[in-house]
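Numbering (our numbering), first residue to last: -3 to 186.
Every residue gets a Cβ at the ideal spot worked out from N, C-alpha and C, and that includes glycine.
Computed from a predicted structure; not experimentally measured.
Scroll down for the structure; my scribbles are underneath it.
Below, the structure is given as structure tokens:
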């Protein structure tokens, strides 16, 4: 989380303190025009993992965030294995569904369907691996990122939304099928 100390109406220090009090362990990096030693020390003491004074150099900020994420994952943690998938610019057609990542366009039975970014990314993962089961963990890692620490039930929520947009009868899905205890499969023969 990138957080400024001076936010309109609320203190970044208070936000960080509240996150830590609630047990959130997501790395927090303060970026702030306040660069006195006391400001930096207070930021670190309330739970920030780093404090970068403004103006900052973008490459340095990215390097600091990368280092934080590497330390957080630890030496033995590796991302889930990558799945073989078409390049992002390749159009994917499975039955009566066409997904064009280059245009961020979904066409279902001839109708263009608008999708928010995360739903689009989730559907892309499923269509790219049509006929194969994709675990919830892989979907979380590939769509939300390896360090996602929010509620994993977000996958089921977005699957429900996708079914409402794609399935003729969302209560009896033929395309996006739940494989209990494993993950989801986009049926390539539906």
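Of the candidates 179, 39, 21, 36, the residue whose Cα lies closest to the Cα of residue 135 is 179. When rounded, the separation of the alpha-carbon atoms in residue 159 and residue 184 is 15 Å. Within the DSSP secondary-structure output, residue 105 pairs in no beta bridge. The beta carbon of residue 170 lies closer than 8 Å to those of 163, 164, 183, 186 in the same chain, with the five residues before and after it left out. Fewer than three pairs of CB atoms, one per stretch, sit closer than 8 Å, so the segment 93 to 112 makes no contact with the segment 50 to 65.
The beta carbons of residue 123 and residue 154 sit no closer together than 9 Å. Nearest to residue 21 by C-alpha distance, out of 9, 37, 45, is 45.
Note that the C-beta distance between residue 152 and residue 176 is not below 9 Å. A direct Cα-to-Cα measurement between residue 119 and residue 58 gives close to 29 Å. Inclusion of residue 53 and residue 111 in the CB contact set at 9 Å is not warranted, their separation being larger than that value. Non-local C-beta neighbours of residue 31 in its own chain, meaning closer than 7 Å and more than five positions away in sequence, comprise 49, ordered along the chain. One Cα belongs to residue 138, the other to residue 114, and the distance between them is close to 11 Å. Only residues of its own chain outside the window of five on either side were considered, and among them 9, 12, 13, 16 have a CB closer than 8 Å to the CB of residue 42, listed in chain order. Put simply, the backbone Cα of residue 145 is about 16 Å away from that of residue 67.
Residue 25 sits close to residue -1, with the two beta carbons spaced by under 9 Å. By the beta-carbon neighbour count (other beta carbons within 10 angstroms, threshold 16), residue 29 is exposed.
Going by C-alpha positions, residue 106 is about 11 Å away from residue 91. Between residue 23 and residue 36, the alpha-carbon positions lie close to 16 Å from each other. For residue 18, there is no enclosing alpha helix (DSSP H), as DSSP gives it neither H nor E.
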